[in-house]
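So the protein lines, in turn, are chains A and B.
Residues 1 to 333 (my numbering) are what the first sequence spells out, left to right.
Residues 334 to 593 (my numbering) are what the second sequence spells out, left to right.
So the structure is just underneath, and the comments pick up after that.
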Amino acid sequence: MTSTYAVLSEGLEKRFGEVHALRGLDLAVAEGTVCGVLGPNGAGKTTAVRLLTTLLRPDAGSARVAGHDLVREAAAVRRRIAVTGQETSIDVDLTGRQNLRLFGRLHRVRGPAGRTEELLDRFGLTEAADRPAATYSGGMRRRLDLAASLIRRPDVLFLDEPTTGLDPASRTAIRHVVRGLADEGTTVLLTTQYLEEADRLADDIALVDRGRVAHTGSPAQLKALVGAHAEVVVTDADVLAAAAGVLDRLTGAQPSFDRERNAVGAVSTDPTLTLPVLVRALDAAGVPLLDVSLRPPTLDDVFLRLTETGGTETTETETTAAGTAGEVKERAA
Amino acid sequence: MSMLAYDGTAMLGRQLLRMRNNPGLLILTQTMPVSMLLFFGYVFGSALAMPGEAYRSFLVPGLLVATAAGGVMTGMFQAAQDTHRGVANRLRTLPMSRAAVPLGQAAADVVVTAAGTVPFLLVGLAVGWRVEGGPLRAAGALGLLLLFRFACTWAGMYLGLLTRNEEAAGQLGGATFLLPLLSSAYIPAGGLPGWLRTVAEWNPISAVATALRDLFGNAPVPDGAAWPVAHPVAGSLLWCAVLLGVFVPLAVRRYAHGER
């Protein structure tokens, strides 16, 4: 390979009629790392994956994937990559075993039968191996899909929202596999809506917004930029302003109100601002508290802070909040 | 070319496995022409001017061709299904021959059609149909039938890649059921009123059905018909060449390019 980047794109653009899905995507993923591409629906994540896996042709810009030019050497790129998309892409009329053997053959794997058994075992599908994939649960299908992508070990693995819509157990299983692959030296590019997921898996995060990379950095860097979200719920609407005054003083950030719940929140990037500090300050100001929370940044916060799209994606933030809550439980368990 | 053969064989194997996994569907599609032969042969046959057995002999090649034209429907449905289910996209990211997917599918379709022809012709023999033109000509008839099926499947796959949607393809595919009705598959086109007769005679199904009847020796080539029916074997070969010449490049291109 000529570069130390497994994926290197410059100014990738893609239009679908009126929709400008990618407006100059610059992405650099170092070999052997996991890159989390994070962004709301419609940010261009899936389009980026489809371009980088040769499914779509860019309108402008260029990219090298696994050392080969995406457009001129598409066949060489295909020999080195594997993709698992958002929707399952296995043949559900075939059994799990038949699927893996078929893709093994098409990938020119030597001895596809042995590799098939190995993967069935690794993904916990041995028992269901002779049932048509149509009878599998969502999680099982996704695992089979991922197994099909690994039938020949790819240099670069693309995962488009690999855990979206899965139960916690399947999610954990898939994350475990991704981490394992990265440790074995496979470069992984994964898109996700879950900050928590990117946080756990990714070495680097590229924040995509409106068809461009808005921010890049390690999860820690990104979190430090975004900060924690402090929220105060008071007993009475009259004292909301007083609570907001305290938050403003402590965080220096613009407070946001949720008047229906008598709540006010603000983002803090100050690592010394802890829950006791916050409670003491509010108490000293004589604010009658009902609830105080200081929680790690959610994707909601990331987008409010670092992108223009911000909070306009309400459905997005809802799913993200649900996802984050799921993560916490999962970790506690 | 060896890549095309290797991947095409793998895709052929895939289609055959799918059918083996779902034998019910296979049996259903194979029973359809048999039940049509019995219904048409005995219900319509009793109402037509032609004697029943003569009509059934006329009908057997016609139904074979009408069933082969159903390749438009299966091709369409399977291509749309693969696209809809994301299988087509996964295959597009593999280091395999682009043309292998439609080729393998069309080849599998021909294999299944060939297998399905055997029980159908056995029922045909039972209801009075006979090979009356010698084994070589009969083999030619079967070859022509499979070639026509192959061409129809390619047309269907292209249309399926255009619609992309399984349900839309299913509905539109159902409409292909009408195509044999506007041909001489079930009735002699000679009795149709002027313009309808022209339409029917330029329907490729008519040319192939007439060619099969001629080669099996079941019915003579009608007098004064349009060119493809008046020269049914040449006409059929030409129709197949046209269908393949148009739809093979279109389907391969469409398949390789996907949505880009």
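For each residue, glycine too, the CB sits at the ideal point set by N, CA and C.
Being a predicted model, the structure only gives us computed values, none of them experimental.
Asked, Found
"Contact with chain A by Pro428/B, beta-carbon distance below 7 Å", "yes"
"Residue from Gly24/A, Phe257/A and Gly211/A with nearest C-alpha to Ala230/A", "Phe257/A"
"Close-in-space but distant-in-sequence residues of the same chain around Met409/B (CB under 6 Å, 5 per side omitted)", "Gly489, Leu492, Gly493, Ala502 and Gly506"
"Rounded straight-line distance, which links the Cα of Asp203/A to that of Gly311/A", "The pLDDT assigned to Gly311/A is 43, lower than 50, so where the model puts this residue is not dependable; a value taken from the coordinates is nonetheless given after this. In a straight line, the C-alpha of Gly311/A is about 26 Å away from that of Asp203/A."
"Where Phe580/B falls: helix, strand or coil (DSSP)", "helix"
"Leu494/B, enclosing alpha helix (DSSP H) - first and last residue", "Pro468 to Thr496"
"Test: Pro276/A CB closer than 7 Å to a CB of chain B", "no"
"Burial state of Glu161/A, where buried means 16 or more other Cβ atoms lie within 10 Å", "buried"
"Enclosing beta strand (DSSP E) for Phe347/A [first to last residue]", "In the structure as shown, chain A begins at 1 and stops at 333. Residue 347/A is therefore absent and cannot be evaluated."
"Contact list for Thr54/A against chain B, beta-carbon separation under 7 Å", "Thr426"
"Where the alpha helix (DSSP H) through Val393/B begins and ends", "Gly385 to Ala402"
"Ala474/B and Leu545/B closer than 7 Å at C-beta", "yes"
"Rounded separation between Met352/B and Glu260/A - CA only", "59 Å"
"Check whether Gly404/B and Arg482/B have beta carbons under 7 Å apart", "yes"
"Residues near His68/A by beta carbon distance below 6 Å, same chain, minus five either side", "Ala76 and Val77"
"Contacts around Gly391/B, its chain only, beta-carbon distance under 8 Å, and the 5 residues preceding and following it disregarded", "Residue identity check: residue 391/B is Phe in the sequence provided, not Gly. Excluding positions up to five away in sequence, the list reads Met383, Pro521, Arg546, Asn551 and Ala552."
"Burial state of Thr274/A (16 or more Cβ within 10 Å)", "exposed"
"Under the three-state DSSP convention, the category Asp160/A falls into", "strand"
"Ser293/A: contacting residues in chain B (beta-carbon distance under 9 Å)", "Per Cβ cutoff of 9 Å: no residues; Ser293/A is ~41 Å from chain B at best."
"Three-way DSSP call (helix, strand, coil) for Gly174/A in this model", "It should be pointed out that residue 174/A corresponds to Ile in this sequence rather than to Gly. Three-state DSSP puts Ile174/A in a helix."
"Neighbour flag for Asp26/A against chain B, beta carbons, 7 Å", "no"
"Selected residue, minimal CA-CA separation from Ala220/A, among Val213/A, Ala214/A and Ala228/A", "Ala228/A"
"CB of Leu195/A within 7 Å of CB of Arg175/A, strictly", "no"
"Own chain, CB closer than 6 Å to Leu373/A, minus 5 neighbours either side, in chain order", "As shown, chain A starts at 1 and ends at 333. That puts residue 373/A outside it, with no answer to give."
"Sub-7 Å separation of Pro513/B and Ala399/B beta-carbons", "yes"
"Uninterrupted alpha helix (DSSP H) stretches inside the segment 196 to 226 of chain A (no shorter than 4 residues)", "219 to 226"
"Coarse secondary structure for Pro435/B, derived from DSSP in three states", "helix"
"Extent of the continuous alpha helix (DSSP H) run through Ile81/A", "It is not in any alpha helix (DSSP H) - Ile81/A instead sits in the beta strand (DSSP E) that spans Ile81 to Thr84."
"At least three beta-carbon pairs within less than 8 Å, the segment 424 to 442 of chain B to the segment 336 to 344 of chain B", "yes"
"Leu294/A - containing alpha helix (DSSP H), residue span", "Taken as a continuous stretch (DSSP letters only), Leu294/A belongs to no alpha helix (DSSP H), being part of the beta strand (DSSP E) at Leu289 to Arg295."
"Chain B contact residues for Asp92/A, given Cβ-Cβ distances below 8 Å", "First, the amino acid is wrong: residue 92/A is Val here, not Asp. Near Val92/A (Cβ distances below 8 Å), the residues of chain B are Arg418."
"Alpha-carbon spacing of Leu424/B relative to Pro394/B, whole angstroms", "38 Å"
"N-terminal and C-terminal residue of the beta strand (DSSP E) that Phe103/A is part of", "Not the beta strand (DSSP E): Phe103/A falls in the alpha helix (DSSP H), residues Gly96 to Leu106."
"Leu306/A vs Leu207/A beta-carbon contact at 7 Å", "yes"
"Buried or exposed (CB count within 10 angstroms, at least 16 for buried), Ala237/A", "exposed"
"Assigned exposure category for Ser368/B - 16 Cβ within 10 Å defines buried", "exposed"
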